[in-house]
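Here the structure comes first, spelled out in structure tokens, and everything after it is commentary.
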Amino acid sequence: MKTAMSHEVSEVSVAHFLLKSRGEILMDKNLWDKCVAFHGHECPGLAIGFKACEAARDKLGIDFSKDEEIVCVTENDACGVDAIQVITGCTIGKGNLIYRGTGKHAFTFFRRDTGEKLRIVFKPDSVSKDLSREERKQAILKSPVEKLFDFKNPTFDLPEKARIFNTLICSKCGEGASEHKMRIMEGEPVCLDCFDEYLRGW
Ligand SMILES: [Zn+2]
Ligand SMILES: [Zn+2]
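First residue of the sequence shown: -9, per this note's numbering; consecutive thereafter.
What follows is the structure in structure tokens.
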């Protein structure tokens, strides 16, 4: 028989971000620790990514993606993206984390199996700017996702699956690169480093 309530909570919470117990919101400490270990430090930005994942799970039923069944389009390259990689398994290496650099704290999740999609946009005013860095992090982690984010329909579509390309050898430096990244110069294939850009406004 279990004696300590906190023990029961920590066991159950392995699979969940939050549990509501006696009206209190409890965070999955194990999962947060995993994110911190990967990212290197605790910060408000990491907390935003952590909560975006919680929202993605609540609204789209998203769990860990072993292949490309879930795709995340991130609109920033800030701290929060590291929590997304740890929790959802959307990573640069697997090709299911796409960078779309608008500089917004927005993350869009797509499910290839159901076709569902959701753009999760952080509301800058949802947490007071007068708080210290530590207080801001705590406030984000304790807030309900509805307070932190707007939920929108993305205007862009699900990117195609990651393709595998042939490698071509650059005629200048001799390094190999994917053929879709190569250019032609004086009739020979060259890499982007060796290519002389010709830009005259057209
Ligand atoms: Zn950080
Ligand atoms: Zn080259």
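Glycine included, each C-beta is placed from N, C-alpha and C at the ideal position.
Secondary structure of residue i, DSSP reduced to three states
| i | result |
| --- | --- |
| I204 | With the chain represented from -9 up to 192, any question about residue 204 goes unanswered, as that position is not in the structure. |
| G39 | helix |
| V117 | coil |
| D48 | helix |
| S(-4) | Bear in mind that a pLDDT of 43 at S(-4), under 50, signals an unreliable position, so the number given afterwards is only what the model happens to contain. In this structure, S(-4) counts as helix in the three-state DSSP scheme. |
| E124 | helix |
Span separating the alpha-carbon of residue i from that of residue j
| i | j | result |
| --- | --- | --- |
| D147 | R101 | 12 angstroms |
| T78 | F54 | 4 angstroms |
| K142 | V180 | 42 angstroms |
| K151 | H95 | 24 angstroms |
| D48 | G105 | 16 angstroms |
| L21 | A37 | 11 angstroms |
| I60 | F28 | 20 angstroms |
| V111 | T81 | 20 angstroms |
| R109 | I154 | 28 angstroms |
| E169 | G91 | 24 angstroms |
| E14 | K132 | Any reading at E14 must be qualified, since the residue scores a pLDDT of 49, below 50, and its modelled position is unreliable; no value is offered. |
| D183 | C62 | 29 angstroms |
| Y89 | F97 | 10 angstroms |
Own chain, CB closer than 6 angstroms to residue i, minus 5 neighbours either side, in chain order
| i | result |
| --- | --- |
| I159 | G166 |
| S116 | K137, L138 |
| E178 | S161 |
Close Cβ partners of residue i (< 8 angstroms) along its chain, the five nearest in sequence each way excluded
| i | result |
| --- | --- |
| C43 | F7, I52, A73, I74, I77, T78 |
| D103 | E59 |
Integer Cβ distance of residue i from residue j, believed to fall under 8 angstroms
| i | j | result |
| --- | --- | --- |
| N86 | E58 | 5 angstroms |
The segment 63 to 82 contacting the segment 27 to 47, beta-carbon criterion three pairs below 8 angstroms:
yes
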